[in-house]
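Single-structure report; data block below.
Structure representation (structure tokens):
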């Protein structure tokens, strides 16, 4: 699952280099930020699992 989230985050980063419409750019920025939050949560869960 972490792999999928990081791939999506990378995709949003790449796409943002081509987007010039401000509202579309803002939408992709929000999607990218949501993916980063998901990545952080997954990484925290992985750390919890390793510390048990």
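Numbering (our numbering), first residue to last: 8 to 59. Ideal Cβ placement from N, Cα and C applies to all residues, glycine included.
Cα-Cα separation between residue i and residue j, rounded to whole angstroms
i: residue 36; j: residue 12; result: 15 Å
i: residue 42; j: residue 58; result: 24 Å
i: residue 38; j: residue 14; result: 13 Å
i: residue 27; j: residue 44; result: 25 Å
i: residue 47; j: residue 56; result: 14 Å
i: residue 30; j: residue 23; result: 12 Å
i: residue 34; j: residue 54; result: 31 Å
Under the three-state DSSP convention, the category residue i falls into
i: residue 26; result: coil
i: residue 8; result: coil
8 Å Cβ cutoff, residue i in contact with chain D
i: residue 9; result: No chain D appears in the structure shown, which is made up of a single protein chain.
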